[in-house]
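A short worksheet on the structure shown next.
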Amino acid sequence: MFNIEKYSKVKSVSEAVSLLEKNPRARLIAGGTDVLIRLREGEEDYTELIDIHDLAELMDIQKRENGDISMGAGVTFSQVMENAIIKESIPVIAQAAGTIGGPQVRNVATIGGNICNGAISADSAAALFVLDAVLEIERVNGARELPVREFYLGPGRVALEHGDVLKAIIVKQENYAGYGANYYKYAMRNAMDIATIGCAATCKLDGEVIEELKIAFTVAAPKPMRAQTAEDGARGKRVTDENIEKIAALVMEDLNPRDSWRASKNFRLQVIRILAKRVITAAIEDAGVQR
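Right, here's the structure in full:
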């Protein structure tokens, strides 16, 4: 039996914001795949819940007239995987979504919840980082937008104040049009497991020259992050096996994985370099150059 002291089902995001403002102990619940586990474990910070599950304004996926794509924060991962706009324009998000849990989890877990819990292993985070996604956050004194790279503050910590509600995730056309992309999750098991390392890359080419490369990792630092040194080193390089090896080696300059019971730091470092090469190569191929 869950120890829920107060429960409110809201009809709008603005109502959720208002209730959060009035109730300092209240927490949001959407899919519940994280919150219900915390309740089961008896965490007292989750005894007052505001339910935003299935709010229509959080469930929309659309391509705007300017080509930007908006995903409501309440969209489930199954919906992400099945949506025609995402599959056509930003399939790397659908690719990442497909690695999350099993079908039952993906049917209820939301993309907003996946990043709002601040987990460094969030499977959607690396893909959103390389797409330079922007988060639309509703609050009492009006909405604000925040780049996803500024959202993560550390393990379990994100840039949400009490009263904030993540409303949508925006991917601008300039950050996906003309790019190849790939995501790979390394885990000890092929299914239903937390990532040991996650890696995503997008690549834009000018013929066989790398015009722009973006590469991001999860579980490779205290928060999801881009490998900026590798990105800078890739710019203007021809697509050759030697250059891909050099770029993959550069990712080590920016990352600092930890030891944990899941994997040692040294093991993670080996996986990072292997994944970097694999994902960069796959993104280049998706951009139109076969290796």
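Just add 69 to wherever you are in the sequence shown, counting from 1, and you've got this note's numbering.
Every residue, glycine too, gets a C-beta built ideally from N, C-alpha and C.
Name the one or two DSSP bridge partners that residue i has.
i: N251; result: A270
i: I284; result: A270
i: L204; result: L215, I238
i: K132; result: I138
i: M321; result: Bridge partners of M321: none, in fact.
i: D120; result: K78, I98
i: G223; result: R226
i: V278; result: D275, R307
i: T179; result: T145
i: R295; result: A285
Using the rule of at least 16 other Cβ atoms within 10 Å of the residue's Cβ for burial, across every protein chain shown, is residue i buried or exposed?
i: K91; result: exposed
i: T102; result: buried
i: Q148; result: buried
i: K334; result: exposed
i: E314; result: exposed
i: R304; result: exposed
i: V209; result: exposed
i: M257; result: exposed
i: L222; result: exposed
i: R226; result: exposed
i: R37; result: Missing from the structure shown is residue 37; the chain here goes from 70 to 360 and no further.
i: A153; result: exposed
i: R109; result: exposed
i: I180; result: buried
i: I159; result: buried
i: G357; result: exposed
i: G302; result: buried
Output yes or no for whether 9 Å exceeds the beta carbon distance between residue i and residue j.
i: I169; j: I130; result: no
i: Q164; j: N251; result: yes
i: K80; j: L124; result: yes
i: G182; j: A99; result: yes
i: A86; j: D201; result: Here the sequence assigns Val to residue 86, which means Ala is not the residue at that position. Not in contact: V86 and D201 (Cβ atoms no closer than 9 Å).
i: K346; j: A317; result: yes
i: I238; j: M140; result: yes
i: T265; j: E281; result: no
i: C185; j: L118; result: no
i: V161; j: Y255; result: no
i: L127; j: V82; result: yes
i: L105; j: A95; result: no
i: Y362; j: L338; result: Missing from the structure shown is residue 362; the chain here goes from 70 to 360 and no further.
Smallest Cα separation from residue i: which of the options?
i: A195; options: K334, E110, C268, L89; result: C268
i: K78; options: V209, K315, D120; result: D120
i: V278; options: R337, A212, E354, E230; result: E354
i: V203; options: A317, A142, R96; result: A142
i: Y115; options: K132, L97, M128; result: L97
i: E300; options: I349, P172, V340; result: I349
i: A352; options: K283, I341, V144; result: K283
i: S193; options: E110, M150, H231, R213; result: M150
i: F146; options: V177, I159, D262, V358; result: V177
i: F286; options: A166, E214, V320; result: V320
i: Q359; options: Q242, G302, G276; result: G276
i: P224; options: R107, M294, K132; result: M294
i: I263; options: R342, R331, Q242; result: R331
i: A212; options: H231, E219, G302, L235; result: L235
i: E157; options: G111, F220, Q242; result: Q242
i: L197; options: G357, Q173, V240; result: V240
i: D323; options: L215, R342, F336; result: R342
i: P93; options: V217, H231, N312, F220; result: H231
i: H122; options: F336, N312, V144, G111; result: V144
Return yes when at least one heavy atom of the ligand FMN lies under 8 Å from the C-beta of residue i, else no.
i: K346; result: Ligands are entirely absent from the displayed structure, and the ligand FMN is therefore not among its contents.
* Asked: Any contact of the region 180-194 with the region 288-302, i.e. 3+ C-beta pairs under 8 Å?
  -> yes
- Task: Count the CB pairs spanning the region 121-136 and the region 235-253 that are closer than 8 Å, and state whether there are at least three.
- Result: yes
Item to complete: Would you be able to state if there are at least three C-beta pairs under 8 Å between the region 324-341 and the region 306-314?
Response: no
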